[in-house]
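Going down the list, the sequences are from chains A and B.
If you count the first sequence from 1, you need to add 519 to reach our numbering.
Quick note on numbering: our numbering labels position 182 of the second sequence as 177, and the sequence is numbered without any gaps.
We put the CB at the ideal spot given by N, CA and C, even for glycine.
Since the structure is predicted, the reported quantities are computational estimates derived from the model, not experimental observations.
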Amino acid sequence: MSFWRIVLKSLWQHRLSTALAVISIGLGTALLVSAVSLSEQTHRNFTQEGLGVDAVLGPKGSPLQIALNALYHLEEMPGKLQWTYYQKVLKSEVVEDGIPFVTGHSYAGFRVNAIDGRFFTEFEYLPGRHFSVKPEDGGQGRLFHLREEAVAGAEVAKALNLRLGMTFNPTCGVNPGDPVHRNNNITFVGILAPTGTPHDRAICIPLKTFCTLEGHGADVQEMAVNEEHREISGAYLRIRRIRGGALHPGIQDLKYNVNQSTQAQLVIPNEVLPRLFGIIGWVDTVLVGIAALVTVLALLFLFVALISALRERRRDLALLRCLGATRRTVFGLILCESLFIAVAGGAAGMLIGHGIVAAGCEMIRVETGLRFSPFYISQADVFVLPAVAILGLLAGLLPSVQAYRLGVLRNLAPIS
Amino acid sequence: MVRTLAMVGCLTAAFAFGSAVAWAGEQKDRGKEEKEHDGEHKAAHGGCLNAIGTCENGHAEVKIEGNVLMLWFVGGGSDTDKAVRIPDKEISLSVTLDGEKEAKTLVLKAKPNELAEEKEGDCSHFEGQADWLKDAKKFAATGKVTFKGKKQDLRIEYPAGYDPDDDKEQAGEGHSGKDEEKADQK
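Here it is in structure tokens:
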């Protein structure tokens, strides 16, 4: 009988303890893989892609709040920005274009943003990618032309079971219980193709519609015609490029100049969002630490299981020695069993971990519009199997040494 | 059999060890970068910072582009990205280029930041132009400004920047070194 056959038969003979060990190692590894994968993908979504925006011009307040509201449709803008100031910033030689928007309304839990129509045609939500309502891209209908028209993101349409031609009245606010604008009856004329960004979770109406919503006072309604009095929540800015596609270096001077103003500030998402992860990054570290601890405990369980199993297998191992097996063979037998259980647990854990990520992806996509992938290869996928294998070898080392030193004659006698 | 196992074990251990060393190295570099940043104030425009009086009082950030010298008055301490407006409409600097004995005069005119609603007499940015600035690699300049309501001396060391604490340390009066030794002995 070959060496590996003996190993497998031995594992099968103690299948209950083997299964328990594999499951416990698998669960620990799954936790580790899923925690690291979600952490890395979250970091990538919030910091590396920039969601197609070079800079956001917003009112004075928390830069993080502005970035979260403008890019992720979370939080609220800390104030309003004068239209005339926005026009002044547009004249800067560093700014190529701007798309103004007004936030602060909602419908059925989704944000309603009033925005310039060029958002759909000139704005790149990811580098090189524009919004689409074409059926072949997964969209429907058309973009808005009139004031009483709206376009919904893909997730909004799916969640509310929207059909073109349906109407709605936006809520003046983003919190439950905020007053509803009645009698506006804005019509959905388009549904955007899925983008995999938070814009899938927003409803867009024309910029001037904000001013004419029923219930807004005369001062707000005047904003539609009088630029001197017009206010917006902010604007997405596209910065000029220099050779190589790099941002114009003058953006830092522009940021400095705007930030000295009492009424506005310039937020560069790629500078602000990494700071968020600098603050909460320790949470990821703790989660990964807990997952690693669970895995180590599972391997400790394996060690204890092997030690206790060895006592019952002394006679079997002594018999093997009598049949010609050397000390080294017996040593290798126990070590291989340990290694096999650890690797099997690690492999099962990786599969379960990606399954957990797949389940989490769907929940995250529904809640935030961000796309995560269950097939993403994280650092844990690279290191977990070798690490588990090493720990498995270590767990099996002492039992293997004890098996190596087993006396044949003394252990041939029956146990009971 | 055992030889094979031993080889596999050694390779895996080597892989894990190498990864751990690489990760530890990255953490160390990150920590080193953070430490380096903590010790220096950052110039918002990439110029050199020159303390006005003391570092905590305020700074004058100086940068040269071509034959133009640009100067921004900014806050003290770590507030080097916050503008400090002064009422002066122009600043006269006495500039001594490195290797030269005679000082030249350079007049900086106020260049208000329109995006911050600045105007002449309430301005943080000044510019001066001179042909000899194009080749100026190193110089020292002095002048007077009305900074935070008081007439104060302005001293510029380009491109190193000016920090009065550096002078005190060189003279042995600094707050580092000797004072810390005494504290340790106690």
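Show which residues of chain A have a CB atom less than 8 Å away from the CB atom of residue i.
{"i": "Glu112 (chain B)", "result": "Ser780 and Thr781"}
Quick check on DSSP: helix, strand or coil for residue i?
{"i": "Tyr153 (chain B)", "result": "strand"}
{"i": "Met869 (chain A)", "result": "helix"}
{"i": "Tyr923 (chain A)", "result": "helix"}
{"i": "Phe565 (chain A)", "result": "helix"}
{"i": "Met65 (chain B)", "result": "strand"}
{"i": "Phe620 (chain A)", "result": "strand"}
{"i": "Glu559 (chain A)", "result": "helix"}
{"i": "Pro654 (chain A)", "result": "helix"}
{"i": "His32 (chain B)", "result": "With a pLDDT of only 41 at His32 (chain B), under the threshold of 50, the placement of this residue in the model should not be trusted; the figure read from the coordinates follows. The answer is helix: DSSP assigns His32 (chain B) an H, G or I state."}
{"i": "Val57 (chain B)", "result": "strand"}
{"i": "Asn108 (chain B)", "result": "coil"}
{"i": "Glu886 (chain A)", "result": "helix"}
{"i": "Pro918 (chain A)", "result": "helix"}
{"i": "Lys27 (chain B)", "result": "For Lys27 (chain B), the pLDDT reaches just 44, beneath the cut-off of 50, and the residue's location in the model is therefore unreliable, leaving the point undetermined."}
{"i": "Ser553 (chain A)", "result": "helix"}
{"i": "Val16 (chain B)", "result": "Note that Val16 (chain B) scores 49 on pLDDT, short of 50, meaning its location in the model is unreliable and no value can be drawn from it."}
{"i": "Ala899 (chain A)", "result": "helix"}
{"i": "Asp76 (chain B)", "result": "coil"}
{"i": "Phe891 (chain A)", "result": "coil"}
{"i": "Thr848 (chain A)", "result": "helix"}
{"i": "Lys181 (chain B)", "result": "Its pLDDT being 42, under 50, Lys181 (chain B) is placed unreliably by the model, and the measurement read from it follows with that caveat. If DSSP states are grouped into helix, strand and coil, Lys181 (chain B) belongs with coil."}
{"i": "Arg760 (chain A)", "result": "strand"}
{"i": "Gly42 (chain B)", "result": "coil"}
{"i": "Arg661 (chain A)", "result": "coil"}
In whole angstroms, what is the alpha-carbon distance linking residue i and residue j?
{"i": "Ala633 (chain A)", "j": "Phe663 (chain A)", "result": "11 Å"}
{"i": "Ala38 (chain B)", "j": "Ile722 (chain A)", "result": "42 Å"}
{"i": "Ala828 (chain A)", "j": "Leu858 (chain A)", "result": "16 Å"}
{"i": "Ser553 (chain A)", "j": "Gly797 (chain A)", "result": "21 Å"}
{"i": "Val920 (chain A)", "j": "Ala861 (chain A)", "result": "18 Å"}
{"i": "Gly865 (chain A)", "j": "Val885 (chain A)", "result": "30 Å"}
{"i": "Thr548 (chain A)", "j": "Glu643 (chain A)", "result": "39 Å"}
{"i": "Val699 (chain A)", "j": "Gly800 (chain A)", "result": "39 Å"}
{"i": "Val786 (chain A)", "j": "Leu66 (chain B)", "result": "24 Å"}
{"i": "Pro905 (chain A)", "j": "Val849 (chain A)", "result": "24 Å"}
{"i": "Arg760 (chain A)", "j": "Ala538 (chain A)", "result": "59 Å"}
{"i": "Ser73 (chain B)", "j": "His36 (chain B)", "result": "6 Å"}
{"i": "Leu681 (chain A)", "j": "His748 (chain A)", "result": "36 Å"}
{"i": "Arg150 (chain B)", "j": "Glu60 (chain B)", "result": "20 Å"}
{"i": "Gly657 (chain A)", "j": "Glu750 (chain A)", "result": "35 Å"}
{"i": "Thr716 (chain A)", "j": "Phe565 (chain A)", "result": "10 Å"}
{"i": "His187 (chain B)", "j": "Asp738 (chain A)", "result": "Since the first residue of chain B shown is -4 and the last is 181, residue 187 (chain B) is not available in this structure."}
{"i": "Thr706 (chain A)", "j": "Gly144 (chain B)", "result": "59 Å"}
{"i": "Leu535 (chain A)", "j": "Leu889 (chain A)", "result": "42 Å"}
{"i": "Met596 (chain A)", "j": "Ser752 (chain A)", "result": "7 Å"}
{"i": "Ala111 (chain B)", "j": "His40 (chain B)", "result": "16 Å"}
{"i": "His592 (chain A)", "j": "Asn108 (chain B)", "result": "32 Å"}
{"i": "Val693 (chain A)", "j": "Leu101 (chain B)", "result": "57 Å"}
{"i": "Ala155 (chain B)", "j": "Phe894 (chain A)", "result": "51 Å"}
Would you mind reading off the limits of the alpha helix (DSSP H) that contains residue i?
{"i": "Phe638 (chain A)", "result": "Arg637 to Glu641"}
{"i": "Pro788 (chain A)", "result": "Pro788 to Glu831"}
{"i": "Leu681 (chain A)", "result": "Counting along the chain, Leu681 (chain A) falls outside any alpha helix (DSSP H), and DSSP gives it neither H nor E."}
{"i": "Asn778 (chain A)", "result": "Ile770 to Asn778"}
{"i": "Arg524 (chain A)", "result": "Phe522 to Gln532"}
{"i": "Val608 (chain A)", "result": "Trp602 to Leu609"}
For residue i, return the contacting residues in chain B, with the cut-off set at a CB-CB distance below 8 Å.
{"i": "Lys607 (chain A)", "result": "Glu109 and Leu110"}
Give the residues of chain B in contact with residue i, contact being defined as C-beta atoms less than 7 Å apart.
{"i": "Tyr591 (chain A)", "result": "Correct list: empty, because the minimum Cβ distance to chain B is about 26 Å."}
Can you list the residues of chain A that residue i reaches, using a CB-CB cut of under 7 Å?
{"i": "Ala78 (chain B)", "result": "Gln779"}
List the residues of chain A that residue i touches, going by C-beta distances under 9 Å, in chain order.
{"i": "His40 (chain B)", "result": "Gln771, Asp772 and Tyr775"}
Would you say the beta carbon of residue i comes nearer than 7 Å to a heavy atom of the ligand SAM?
{"i": "Leu836 (chain A)", "result": "Ligands in the displayed structure: none, and consequently the ligand SAM is not present."}
Since residue i is in the beta strand (DSSP E), which residue starts that stretch and which ends it?
{"i": "Asn588 (chain A)", "result": "It is not in any beta strand (DSSP E) - Asn588 (chain A) instead sits in the alpha helix (DSSP H) that spans Pro582 to Tyr591."}
{"i": "Val631 (chain A)", "result": "Phe629 to Ile634"}
{"i": "Thr91 (chain B)", "result": "Glu85 to Leu92"}
{"i": "Gln124 (chain B)", "result": "His120 to Gln124"}
{"i": "Val613 (chain A)", "result": "It is not in any beta strand (DSSP E) - Val613 (chain A) carries neither H nor E in the DSSP assignment."}
{"i": "Lys139 (chain B)", "result": "Phe134 to Phe142"}
{"i": "Gly575 (chain A)", "result": "Checking the displayed sequence, the identity of residue 575 (chain A) turns out to be Val instead of Gly. That run of the beta strand (DSSP E) goes Ala574 to Pro578."}
Inset, instruction - Let me know the alpha helix (DSSP H) ranges lying completely inside the segment 722 to 752 of chain A, each 4 residues or longer, listed in chain order. - result: 728 to 731 and 737 to 741
Legend entry - Inside the segment 670 to 718 of chain A only - beta strand (DSSP E) runs reaching at least 3 residues: 705 to 710
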